[in-house]
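Take a look at the structure below.
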Amino acid sequence: MIKDYIREMMHAGDVYKGSGMMLTLYFIALIMIFLYMKDEKRKYVIIFTALSSLLVIYTVLPAIQVFVRNIEAVSTRFFWILFTPFVTAIGLTIFVYSLNTNKKRVIVTLCLFIIVFLSGSFQLSKAMFKKAENEFRLPQSCVDIVETVLAERENPLLCVPYTIAHPFRQISSDVYLLYGEDATNGRIIFPKDKDFYTMCDEMERYTPDLDFIFERCRDYHVDYIVFDVTYHKLCKDGNVNVNNYPKDPNYVGDRTSNVKPDDFNNITVIEDDNQPYWDLSYYNLSYAGAYGQYLLYRFEY
Amino acid sequence: MITSISIIKLIFLMVIIPFVLGFFLDGFFSKSESGEISEKFMISRCFVLGFCAEIAVFQLVAVPFIVKRAAFHNVKYTFVIALAIVTILSVLFSVKGIKKRVINKINEINKMNTNVFIWGIVILLIVFETQLLALNMHMDTDDARFIAEALEACEKDTMLQLNCITGEHYDTFIGELRKEVAAPYPFFIATISSLTNIHPATLAHTCFPVFLIPLFYMCMYMLGRFYFSDSTNRVALYMLILNVIVLFSFESRFSWGYTLLTIIWQGRSIACLILLPALFYVLSNICIHDKINIGMCFSELVLMFACANLSGMAAMMAAAVSGIFCVSAIVRNLFIKDKGYTVINAILKSVAMLICTIPAYVYISLLFLMGM
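Dropping the structure here:
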């Protein structure tokens with residue numbers, strides 16, 4: 063237990079700090095504040111609270127983690143009480159103004175900016191910020207799917223790939239999902255039933271086991287199912303991603319399939335000017351439209 | 193659909209009312225360390241403390257209704273009435289001396305001699321960051337719960353009674369939904385959404401960044417003025433350095449840069465970036481004053497309610513920060529020789545700060561009672 067405690071102390075900040083360079087800058091700023099801040103009361107407040115917070119984070123929280131209960135989700139967020147960017151900015155400003163000429167201040171400020179550039183991580187890119195498609199700031203294809211299914215029936219039940227499950231219930235609470243991240247049960251995939259985990263996994267694969275999925279969908283009276291043309295391949299012939307929708311660059315799962323497109327002989331590709339689609343009439347599914355990279359199918363009961 | 197009426201209502205709820213509430217609370221801070229009233233006000237402090245007060249009012253109103261499993265419209269209407277009462281009281285208590293405070297502020301601005309170039313860059317960066325999130329799209333899977341709960345309240349008039357995925361009705365609070373019993377921030381979004389007729393997803397993703405990112409920088413400006421009150425140039429440089437740090441602070445999902453520029457509308461983000469720093473500001477003010485200041489302690493009380501609304505984690509961190517400051521108040525004389533600061537002052541101040549932390553403990557206890 064003591065070894066576990068020491069290990070927890072040593073790794074307390076691993077998740078929060080990344081490379082650790084920004085936290086290093088924070089400690090340097092604390093030293094600057096200690097050396098150069100003239101106002102004793104304000105210096106005391108910032109240094110005392112910083113050191114006390116570090117003591118709590120590196121001793122009290124690991125002790126709770128090891129000896130009381132698992133607080134992993136909580137302990138990383140406790141780094142927020144260090145107020146690292148604010149303290150770092152205060153310390154660096156005090157250091158710059160400890161210099162006696164404006165020329166030195168400008169040079170040092172520019173050097174500090176370079177140090178921040180090199181210490182930090184800049185991730186403002188098109189991968190992180192996509193162009194807004196609507197006022198909800200959610201994929202337009204999901205908005206269109208919701209409008210379509212709600213126009214056709216009340217409280218439709220959808221089976222969608224897990225990676226795009228989260229926008230649907232943000233658009234309308236009248237649309238239900240067969241599975242998704244379950245806030246009622248520790249945020250695991252809902253429900254806890256093994257079938258749903260399997261269905262969720264299958265829908266992420268290049269070729270889902272359609273027999274299994276469609277049978278389960280019928281058992282639960284699913285109204286619609288959504289496929290993604292960027293990775294789903296339901297028949298061996300015909301590429302339906304003719305509009306070259308890009309694959310999700312952030313996806314890290316395994317799409318290896320347990321079945322092959324050859325296993326499904328009754329699926330053909332229907333050529334369409336806008337978007338070719340698979341003919342799933344053999345499985346009593348009718349095509350309900352293309353919404354960006356997603357194909358919507360309706361279960362016919 | 194965002195209409196012009198919706199925008200006017202939103203500005204009223206997110207700008208005007210917080211400013212009025214904050215103007216009253218600002219009065220407690222418009223005093224020098226010797227206790228003389230300087231009869232000015234800080235605009236940023238008004239907005240920050242006022243926003244916190246608005247959330248605190250919501251927290252007081254919402255939790256009893258949620259525990260009783262009442263309909264959402266009860267929360268909405270009670271919040272409107274409570275907010276109206278608190279706003280009127282704030283106006284009544286602030287009206288004395290308001291003319292002098294405003295005139296002094298205008299004189300202060302006229303005499304201000306500051307580096308326009310640096311401030312120009314700071315403002316440009318803030319505008320850049322605000323438009324980045326308001327005009328673009330960044331999706332976070334946690335919204336599948338927060339926004340779905342807000343939407344449930346708006347569309348079904350229920351709170352935490354439906355499964356977020358299947359719509360199944362529950363008679364008790366289960367799973368992670370129990371967190372929102374003590375920290376009902378999604379229903380604050382739902383209330384604002386319902387009052388302004390803006391869809392919760394639109395409100396959170398498009399509108400809130402426009403208010404919250406500048407509010408964050410106002411909070412940071414407030415802190416900067418606390419440390420560099422004698423020099424607006426130093427405050428300008430501090431704001432510029434902070435801006436640059438935030439832009440490059442993406443070392444993890446918990447860092448300020450990631451939190452501010454991708455998920456600012458979520459409760460824990462507001463807690464991390466606005467409320468906890470505001471609490472640090474209030475407690476620092478309490479700590480450096482020799483004598484106990486009841487008004488500042490009241491502000492701490494308001495902030496405790498506000499932190500509890502945003503998330504259980506925020507309540508715990510607020511309690512932890514307050515505990516640290518309680519200790520710092522007691523041991524201050526070990527580090528700073530100050531004859532004006534007696535042991536009685538130290539103990540009274542610590543006790544006052546501890547008493548004002550009680551709301552956080554109450555809501556944390558509620559969280560544990562719910563089984564979290």
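Just so you know, the sequences run in chain order A and B.
Under our numbering, the first residue of the first sequence carries the number 63, and numbering increases by one thereafter.
Under our numbering, the first residue of the second sequence carries the number 193, and numbering increases by one thereafter.
For every residue, glycine included, the Cβ atom is placed at its ideal position computed from N, Cα and C.
From the listed residues A:191, A:166, A:142, A:350, the smallest Cα separation to residue 468 (chain B) is found for A:142. Residues of chain A whose Cβ lies closer than 7 Å to the Cβ of residue 479 (chain B) are, in chain order, 107. Nearest neighbour of residue 231 (chain A) by Cα position, chosen from B:375, B:342, B:371, B:318, turns out to be B:342. Look at the segment 425 to 511 of chain B and you find these whole runs of alpha helix (DSSP H), each 4 residues long or longer: 448 to 455, 459 to 462, 468 to 480, 486 to 502. Rounded to whole angstroms, residue 348 (chain A) and residue 358 (chain A) show a C-alpha spacing of 9 Å. Rounded to whole angstroms, the separation of the alpha carbons of residue 90 (chain A) and residue 73 (chain A) is 21 Å. Taking 8 Å as the upper bound for CB-CB distance, residue 95 (chain A) and residue 108 (chain A) are in contact here, some 6 Å apart.
Within chain A, the residues 198, 199, 200 have their CB atoms less than 8 Å from the CB of residue 397 (chain B), given in chain order.
Contact note: residue 355 (chain A) does not reach chain B at a C-beta cutoff of 8 Å; the least C-beta distance is about 15 Å.
The beta-carbon of residue 448 (chain B) is placed less than 9 Å from the nearest beta-carbon of chain A. For a Cβ distance threshold of 7 Å, residue set 446 of chain B lies close to residue 141 (chain A), ordered along the chain. Residues of the segment 168 to 197 of chain A whose Cβ lies closer than 8 Å to any Cβ of chain B, in chain order: 171, 174, 175, 178, 179, 181, 182, 183, 184, 185, 186, 190, 191, 192, 193, 194, 195, 197.
The DSSP-derived three-state label of residue 347 (chain A) is strand. Any Cβ of chain A closer than 9 Å to the Cβ of residue 492 (chain B) would place that residue at the interface, and such an atom is absent. In the DSSP secondary-structure assignment, residue 330 (chain A) is bridged to A:341.
Collapsing the DSSP output to three states places residue 165 (chain A) in a helix.
Only exposed fits residue 333 (chain A), as fewer than 16 other CB atoms lie within 10 angstroms of its CB. With respect to the 9 Å criterion, residue 249 (chain B) and residue 278 (chain B) are classified as neighbours on the basis of their beta carbons.
If you draw a straight line from the Cα of residue 471 (chain B) to the Cα of residue 498 (chain B), it comes to about 10 Å. The beta carbons of residue 528 (chain B) and residue 103 (chain A) sit about 6 Å from each other, so the pair counts as a contact at 8 Å.
For residue 265 (chain B), the secondary structure class from DSSP, reduced to helix, strand or coil, is helix. The beta carbon of residue 555 (chain B) sits closer than 6 Å to those of 374, 500, 507, all from its chain and outside the five residues before and after it, given in chain order. Here the alpha carbon of residue 336 (chain B) sits roughly 14 Å from the alpha carbon of residue 223 (chain A). With contacts defined as CB atoms closer than 9 Å, residue 412 (chain B) and residue 431 (chain B) qualify as a contacting pair.
With its beta carbon less than 9 Å from one in chain A, residue 423 (chain B) belongs to the interface. Listed as beta-bridge partners of residue 332 (chain B) by DSSP are no residues whatsoever. Within chain B, the residues placing a beta-carbon under 7 Å from that of residue 151 (chain A) are 430, 433, 434, 437, ordered along the chain. A straight-line Cα-Cα distance of about 30 Å links residue 187 (chain A) and residue 385 (chain B). Below 8 Å, enough C-beta pairs join the segment 456 to 467 of chain B and the segment 399 to 407 of chain B to call them touching: three or more. For residue 216 (chain B), the enclosing alpha helix (DSSP H) begins and ends at 209 to 218.
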